[in-house]
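Q: Pasting a structure below so you can have a look.
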């Protein structure tokens, strides 16, 4: 039966964390041309992913901004239309015109 690995403990690191050191593939001895080419491809892919992450966050912010402006215009339009009373005024004028017409008809009939 294989022994279980030692548990990982966050409270007491036994040694400093190892960091990958940056190398220049052109000057590094012992690298084949295929390894150099592969390293260049990986670096290009990493730059592309970083650019996509930046563009994705910019696009999300832009979409939120455009959505907020559109929602604001929509809300303001409903608010301003609800404040308009021109139909009430037209209805009052129509009532007055009907009353005048009825009064004229009654005076003409008498």
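Numbering (the UniProt record's numbering), first residue to last: 1 to 110. C-beta atoms are modelled at their ideal positions from N, C-alpha and C, and glycine is treated no differently.
Where does residue 44 fall in DSSP's three states?
A: Counted from its first residue, the chain shown places residue 44 at position 44. Residue 44 falls in the helix class under three-state DSSP.
Q: The alpha helix (DSSP H) spanning residue 99 covers which residue range?
A: Within the chain shown, residue 99 is the residue found at index 99, counting from 1. Start and end: 86 to 109.
Q: Flag this pair as yes or no: are the beta carbons of residue 36 and residue 29 separated by less than 8 Å?
A: For the purposes of this step, residue 36 is taken as the residue at position 36 of the chain shown. For the purposes of this step, residue 29 is taken as the residue at position 29 of the chain shown. Taking 8 Å as the Cβ cut-off, residue 36 and residue 29 do not qualify as a contacting pair.
Q: I'd like the list of long-range same chain contacts for residue 106, defined as Cβ closer than 8 Å, with 5 residues on each side in sequence excluded.
A: In the chain shown, the residue the question calls residue 106 occupies position 106. Taken in chain order, the list of residues that qualify is empty.
Q: Could you give the distance in angstroms between the alpha-carbon of residue 93 and the alpha-carbon of residue 83?
A: Translated into positions along the chain shown, residue 93 becomes position 93. Translated into positions along the chain shown, residue 83 becomes position 83. One C-alpha to the other measures close to 19 Å.
Q: Going by DSSP in three states, residue 32 sits in which element: helix, strand or coil?
A: Counting from one through the chain shown, the residue named residue 32 turns up at place 32. Residue 32: coil per DSSP, three-state reduction.
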